[in-house]
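Undergrad: The sequence shown begins at 1 in the UniProt record's numbering and counts up one residue at a time.
Just dropping this structure here.
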Amino acid sequence: MKSTGMTRPLDALGRIVIPKEMRISMDYNVGDPVEIFADEETGILAFRKYTGVTCKMCGSTEQLTYFRDSFICGECIESLKKGVNFSPVLRPAKSALSNSQRSNKESKRLRRSTQQMIESLKELMQKHPNAAQHEYAKILEVSQARISQLKKML
């Protein structure tokens, strides 16, 4: 486990908001159940997406088999073996997508390292020295708060 450098206050009801970048990179969506773990010795709270005891593909609770951190029912296993109701997904090459298409895509974004983000921000600041933080954030597809953090690291 590594520190992200981000802090979040508890609200009046004891809730914590998980930053958008983390939700996107870890594929957490609104309404997803989350397991909470507490280590009293170290004082660490940990979160993990709850996978429940249902088939990952159809939601069935019958004849479940555990496979690679997921449950899959017998019927779906047979369908996968036979190739029934499944067809190959053709995806365009990543370079063929424009920036607007890439940002509109609902898929998981690739997480860039902090050093890569700093370098990208440096280049962007040289090209557009008078731009506001929210403009840099939009171009780099991160939050304005993340731009502020990166600027402090420059």
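Glycine included, C-beta positions come from ideal geometry on N, C-alpha and C.
Every value quoted in this text rests on a predicted model; they were computed, and no experiment measured them.
Tell me which same chain residues have a C-beta within less than 7 Å of the C-beta of CYS55, skipping the five on either side of it?
TA: For the purposes of this step, residue 55 is taken as the residue at position 55 of the sequence shown. Closer than 7 Å at the Cβ level, and outside the excluded window around CYS55, lie LEU64, PHE71, ILE72, CYS73 and CYS76.
Undergrad: Could you check where the beta strand (DSSP E) with LEU45 kicks off and where it finishes?
TA: Working through the sequence shown from its first residue, we reach residue 45 at position 45. Residues 44-49.
Undergrad: Which runs of the beta strand (DSSP E) at least 3 residues long sit entirely within the UniProt domain "SpoVT-AbrB" (12-44)? Give them in chain order.
TA: The UniProt domain "SpoVT-AbrB" (12-44) contains these whole beta strand (DSSP E) runs: 34-39.
Undergrad: Let me know if TYR50 comes out buried or exposed under the rule of 16 or more other beta-carbons within 10 Å of its beta-carbon.
TA: As a working note, residue 50 is residue 50 in the sequence shown. Exposed: under 16 other Cβ atoms inside 10 Å.
Undergrad: Taking the C-alpha atoms as reference points, what is the distance between ASP27 and PRO129?
TA: Numbered from its first residue, the sequence shown carries residue 27 at position 27. Numbered from its first residue, the sequence shown carries residue 129 at position 129. Between ASP27 and PRO129, the C-alpha separation is close to 34 Å.
Undergrad: DSSP state of THR114, grouped into three classes?
TA: Within the sequence shown, residue 114 is the residue found at index 114, counting from 1. Correct three-state label for THR114: helix.
Undergrad: Check for me: the beta strand (DSSP E) holding LEU64 runs from which residue to which?
TA: Here residue 64 refers to the residue found at position 64 when the sequence shown is read from its first residue. Start and end: 64-67.
Undergrad: Taking PHE47 as the reference, which of GLU41, VAL53 and ILE36 has the closest Cα?
TA: Counting from one through the sequence shown, the residue named residue 47 turns up at place 47. Comparing Cα positions, the closest option is ILE36.
Undergrad: Taking the alpha-carbon positions, what's the GLU141 to MET6 distance?
TA: Locating residue 141 in the sequence shown gives position 141, counting from the first residue. Locating residue 6 in the sequence shown gives position 6, counting from the first residue. About 18 Å.
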